[in-house]
Amino acid sequence: MLRRLATLAAVTTLTATGLAAPAEAATTACHTAAGSPSCQMWTGKVDWVPDGDTLRVDLAGDGTKNLVSVRMLGIQAMEMKTYSHYPERRKGDCHAVAANLRLEQLIKAGGGNVRLTSLKASSKSEGRPLRSVAVKVNGQWKDVGEQLVREGHTLWQAWPGEWAMDETYHRAAQEAAAAGRGIYDTDSCKPGPAQNSGITMTVNPDADGIDEKNLNGEYFKIHNPSGAAVPIAGWWVRDSGLRRYTFPAGTVVPAGGDVHVHIGKGKDTATHKYWGLTKPIFTNVDPANHSVGDGGYLFDVHGDLRAWMIYPQV
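When the letters of the sequence shown are read in order and numbered with mature numbering (1 follows the signal peptide of the UniProt record, and there is no 0), they come out as residues -25 to -1, 1 to 289.
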């Protein structure tokens, strides 16, 4: 059954600095394709790039020199653990520092000047404005988030009510995945365990009936096509948000078999695990409400993305 986008909780310690007065927003097309919706627009100067999906910006027209933490729309970078102005001091999950450095490069290519857009001025995450970010290179505005997704530095993440770039990012994510770029390189962090097992993952994002009343109808399915069992204790699954389910000690995907992770509550067995969440997490495809899709992801103990399903396939 079709439902609204799941509420996304982005856990972060970077919060927005309050403004003395809100900056005046202009309007512009959200993207260059025909039929683009109209977006609210602001401009500013980037002072610092703390991680792979956050900017600290001096907004033009707000009457202050205060910096505002802006959370980029449409993307989810791996998490930083140590933030620093000095690249050599930064630490984080596998791919986190690389995404941070690439975002810095893209911002510098535009001289630090950015155009920020969103369908709604009120869109926020943890108090931070949610905005698509573009830089002007050779006289043309280039969307930074699309570039990061296409290069495999970040996952694509749909946000409730902010759908303008979702189709573009969805295609970019599938292109990156098909090419094995960045985060989709399955042994880029370390040579992973059972690398030759051919392990795959699918998700069932749309449970039978009303999703909220059938949480366990949403699930991840890990499949092992090989002739040997694959231990996955310490591996974890996630959607495009930050939440994750980590497989407990002793979890094994049997040879030729499957392990399921159900979203709701239940009693674990050897091959059926229960996350214990109280709400659905996957976004259903609903064109009438601009809902494009979502994704599910399987990471190993080293932080390598080993299998994924970005749906629907295009």
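Beta carbons are placed, not taken as given, at the ideal position from N, Cα and C, and that holds for glycine.
Positions of the beta strand (DSSP E) runs, each at least 3 residues long and wholly inside the segment 214 to 239, are given as 233 to 237 in order along the chain.
Rounded to whole angstroms, residue 289 and residue 153 show a C-alpha spacing of 11 Å. In the structure shown, residue 288 adopts coil according to DSSP, grouped into three states. Of all C-beta pairs linking the segment 237 to 248 to the segment 33 to 40, fewer than three are shorter than 8 Å, placing the two stretches out of contact. Boundaries of the beta strand (DSSP E) harbouring residue 19: 13 to 23, taken from the DSSP string. Nearest C-alpha to residue 257 among 123, 175, 190, 274: 190.
The C-beta separation of residue 126 from residue 151 comes to about 7 Å, placing the pair in contact by the 8 Å criterion. Here the segment 157 to 177 makes no contact with the segment 133 to 146; the two share fewer than three CB pairs at distances below 8 Å. Here DSSP, grouped into helix, strand and coil, assigns residue 245 to coil.
At least 8 Å separates the beta-carbon of residue 74 from that of residue 112. Residue 104 counts as buried, since at least 16 other C-beta atoms from the protein chains shown sit within 10 angstroms of its C-beta.
Between residue 32 and residue 89, the CB-CB gap stays under 8 Å. With distances taken between CA atoms, residue 76 lies nearest to 62 out of 240, 178, 62, 92. With fewer than 16 neighbouring CB atoms inside 10 Å of its own CB, residue 185 falls in the exposed class. Assigned with DSSP and collapsed to three states, residue 106 falls in strand.
Between residue 187 and residue 255, the gap from beta carbon to beta carbon is short of 8 Å. When C-alpha distances from residue 279 are compared across 201, 128, 225, the shortest belongs to 128. For the beta strand (DSSP E) assignment, the uninterrupted runs of no fewer than 3 residues enclosed by the segment 163 to 204 are, from N- to C-terminal side, 175 to 179, 194 to 198.
Residue 43 carries a strand assignment under DSSP once its states are collapsed to helix, strand and coil. For residue 203 and residue 119, the gap between their C-alpha atoms comes out near 43 Å.
Residue 181 is a Cβ neighbour of residue 259, given a cutoff of 8 Å. According to the DSSP assignment, residue 56 belongs to the beta strand (DSSP E) that extends over 55 to 57. Between residue 91 and residue 17, the C-beta gap is smaller than 8 Å, which places the two residues in contact.
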